[in-house]
Structure formats: structure tokens, C-alpha cells
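Visitor:
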Amino acid sequence: LQLSCRQHSKEPFLADTPESFLKRPEGGCNKPCDIRLKCGHQCELMCHNYDFE
Numbered sequence: 034l035q036l037s038c039r040q041h042s043k044e045p046f047l048a049d050t051p052e053s054f055l056k057r058p059e060g061g062c063n064k065p066c067d068i069r070l071k072c073g074h075q076c077e078l079m080c081h082n083y084d085f086e
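Structure, rendered in C-alpha cells:
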């Protein structure tokens, strides 16, 4: 199953076993989040699917 996260949708990953999801514990992919926060800083967390503000 090819999946992609909301933030990095142009970079799909293969989820072929239940363990595939353990490699992405925050629900995103395995890349840095890097989204710009309201304070002007970039998010330093790994990609996640929660609280984009």
C-alpha cells in the first residue's frame, strides 16, 4: 500500500507490513516536519499528523 503524509505528499512510502507504521510513530512520514509555526520558527519534530499551529 502506497501512502503519503499530509505534509510531504509528493514522497509516498510503502506500508507493506504492520511494522511499517512503527517506523512512523507520530503518524506522518520519517522526514523532519519543518512547517513554519505562528511564532516564525520551524517545527523541529519529526513529521506528525497533529497540531500544525
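Mapping of the sequence shown onto my numbering: position 20 corresponds to residue 53, and the numbering continues sequentially without gaps.
Backbone N, C-alpha and C define an ideal beta-carbon position, used for all residues, glycine too.
#1: Report buried or exposed for G73, applying the criterion of at least 16 other Cβ atoms within 10 angstroms of its Cβ.
#2: Below 7 Å CB to CB, which residues in the same chain sit around C66 once its five sequence neighbours on both sides are set aside?
#3: Throw me the rounded Cβ distance for the F46 and L55 pair, which I believe falls under 8 Å.
#4: Within the 8 Å Cβ cut-off, does G73 reach chain C?
#5: What residue from E44, D84, K43, C38 has the CA that sits closest to R69's CA?
Guide: So, from the listed chains and residues:
#1: To locate residue 73, count along the sequence shown from 1; it is residue 40. Around the beta carbon of G73, fewer than 16 other beta carbons sit within 10 angstroms, so the residue counts as exposed.
#2: Within the sequence shown, the letter at position 33 stands for residue 66. Only Q40, C76, L78, M79, C80, H81 meet the Cβ criterion.
#3: In the sequence shown, the residue the question calls residue 46 occupies position 13. In the sequence shown, the residue the question calls residue 55 occupies position 22. Between L55 and F46 the Cβ distance is about 13 Å, and since that is not below 8 Å, they are no contact.
#4: No chain C appears in the structure shown, which is made up of a single protein chain.
#5: What you label residue 69 is simply residue 36 of the sequence shown in a count that begins at 1. Of E44, D84, K43, C38, the residue nearest in Cα terms is D84.
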